[in-house]
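> I have a structure here, written as structure tokens, and I will follow up with some questions on it.
In my numbering, the protein residues as written are 62 to 417.
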């Protein structure tokens, strides 16, 4: 008989009851077009609940099996500026994964300047704002730069994308890691990660960089997602930076990139602490977090380094297989039944690494 991990055991009731299925019939819709989804697996009436990113209930309506225009059922959905979820409720119990409705919002104008890295020598491109808004309004130098910015154009939605709510699972030589996506903060980065995992892109890739601690001795990051294993590879395209406000913290997954903000592709990094990675907020695009696999993350981070200056591990751990699975049902007012993994309180001090 198979043995369930503690997380899977906690989620099992949600999946065993998950007979209802709400699937997109149309992937894309115009701003005034129909948002058609198909409800199946229900024998009688049920309810659909519209939820925001914090699982707050925005609207609720009765529904029956068949094709449903969500824009007719929930007129307020057209005004959404962030991804929302539609959750089936049968006999008072959430069933099946939510359907995610993503408004197709143009990116605000990105505002940058040149700054120094923590080493006090290396220059880099710092993101200081989006559109007309500064990331740090208290920064006097940035306020002076903002005076010269051309006024940002309005950014109306171009329509909507409908997609299933999916998690990404990494089976690695150090253990299994499961990531929940945050399309409400970074819809395109989350979709990119899901697509690459679903199509086998990450299979056989190594964790090519480990920075167990920053210059202050705080746990920093592990990094992978490069098919060449060198740190220079990618999927053959660049992914524009998104203005995610998801804080970098232990277990949060974010897009790695070079100096130019719009240079991400397939490489990801997982944070090892809030203390070391808080400075990455607004500079890198956090798009999800691990809900399972804290031990695997720490085991990877504990790997012996062949080159501490670059973070190259001596015996890199491998993502043997990456794939997607349905996300668990959301309970109104509560959200998912799991949460971001936490770093164990007692961890030995790591040697100082070469953070960036």
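Glycine residues also receive a C-beta, built at the ideal position from the N, C-alpha and C atoms.
Unbroken alpha helix (DSSP H) runs of length 4 or more, entirely within the region 218-272: which are they?
Listed in chain order, the complete alpha helix (DSSP H) runs (minimum 4 residues) inside the region 218-272 are 248-259.
> Which residue spans inside the region 107-156 form an unbroken alpha helix (DSSP H) run of at least 4?
Here the runs fully enclosed are 131-134.
> In angstroms with no decimal places, state the Cα-to-Cα distance between residue 366 and residue 237.
Computed Cα separation, rounded: 22 Å.
> Which residues mark the beginning and the end of the beta strand (DSSP E) in which residue 208 is found?
Here residue 208 belongs to no beta strand (DSSP E); instead the alpha helix (DSSP H) covers 201-208.
> Jot down the residue ranges of each uninterrupted beta strand (DSSP E) in the region 328-413, minimum 3 residues, whole runs only, in chain order.
Segments of the beta strand (DSSP E) lying fully in the region 328-413: 329-332, 347-353, 366-368, 379-387.
> Give, in chain order, every unbroken run of the beta strand (DSSP E) that is at least 3 residues long and sits entirely within the region 275-309.
Taking only runs of at least 3 residues, the beta strand (DSSP E) segments lying wholly in the region 275-309 are 282-285.
> Which residue wins for smallest C-alpha separation from residue 127, given the options 120, 115, 388, 105?
Nearest option by C-alpha distance: 105.
> Determine, using beta carbons only, whether residue 232 comes closer than 9 Å to chain B.
Within the model displayed, chain B is absent; a lone protein chain is all it includes.
> Specify, as a first and last residue, the run of the beta strand (DSSP E) that residue 163 falls within.
Residues 160-164.
> According to the neighbour-count rule (16 or more other Cβ atoms, all chains shown, within 10 Å of its Cβ), is residue 133 buried or exposed?
That one is exposed.
> Note down, in chain order, each residue of its chain lying with its Cβ closer than 6 Å to the Cβ of residue 279, except the 5 sequence neighbours on either side.
Same-chain partners within the cutoff: 334, 336, 337.
> Around the Cβ of residue 315, are there at least 16 other Cβ atoms within 10 angstroms (buried) or fewer (exposed)?
It is buried - the Cβ of residue 315 has at least 16 other Cβ atoms within 10 Å.
> Have a look at residue 402 and residue 213 and give me their C-alpha separation to the nearest angstrom.
Computed Cα separation, rounded: 38 Å.
> Alpha carbon to alpha carbon, what distance is there between residue 352 and residue 400?
One C-alpha to the other measures close to 6 Å.
> Between residue 81 and residue 159, which are expected to be in contact by the criterion C-beta below 8 Å, what is the C-beta distance as a whole number of angstroms?
Incorrect: roughly 11 Å between the Cβ atoms, too far for contact.
> How would you call residue 339, buried or exposed, if buried means at least 16 neighbouring beta carbons within 10 angstroms?
Exposed is the call here.
> Would you check if the distance between the CB atom of residue 325 and the CB atom of residue 299 is smaller than 9 Å?
Closer than 9 Å, so yes.
> Return the Cβ separation of residue 124 and residue 109 in integer angstroms, given the expectation that the two are a contact with Cβ distance under 8 Å.
Confirmed, Cβ separation roughly 5 Å.
> Give the straight-line distance between the Cα atoms of residue 78 and residue 277, rounded to the nearest whole angstrom.
Any answer about residue 78 is weak, because its pLDDT of 46 lies below 50 and its placement is not dependable; what the coordinates show is given next. Going from the Cα of residue 78 to the Cα of residue 277 covers about 48 Å.
> Quick check: the region 83-102 against the region 112-123, are there 3 or more CB pairs under 8 Å?
Judged by Cβ distances under 8 Å, the region 83-102 makes no contact with the region 112-123, as fewer than three pairs qualify.
> Just tell me which of 312, 273, 222, 289 has its CA closest to the CA of residue 249.
Closest by alpha carbon: 222.
> Would you identify the three-state DSSP class for residue 313, choosing helix, strand or coil?
Of the three classes helix, strand and coil, the one that applies to residue 313 here is strand, per DSSP.
> Which one of 358, 349, 303, 180 has the shortest CA to CA distance from residue 446?
Nothing can be reported for residue 446: it is not among the residues displayed for the chain, which extend from 62 to 417.
> According to DSSP, is residue 105 helix, strand or coil?
Here residue 105 sits in coil by DSSP.
> Which residues in the same chain as residue 290 place their Cβ atom closer than 6 Å to its Cβ, once the five residues preceding and following it in sequence are excluded?
Answer for residue 290: 267, 269, listed in chain order.
> Buried or exposed: which applies to residue 305, given that a residue is buried once 16 or more other Cβ atoms fall within 10 Å of its Cβ?
Residue 305 is buried by the Cβ-count criterion.
> Smallest Cα separation from residue 385: which of 374, 262, 373?
Selected option, being the one with the closest Cα: 262.
> With a Cβ-Cβ cutoff of 9 Å, do residue 259 and residue 307 count as a contact?
Cβ atoms of residue 259 and residue 307: not closer than 9 Å.
> Nearest CA to the CA of residue 375: which residue from 144, 137, 382, 363?
Residue 375 has its Cα closest to that of 363, out of 144, 137, 382, 363.
> The beta strand (DSSP E) with residue 196 in it runs from where to where?
No beta strand (DSSP E) holds residue 196; DSSP gives it neither H nor E.
> Within 10 Å of its beta-carbon, does residue 275 have 16 or more other beta-carbons around it, so buried, or fewer, so exposed?
Answer is buried; the Cβ neighbour count reaches 16.
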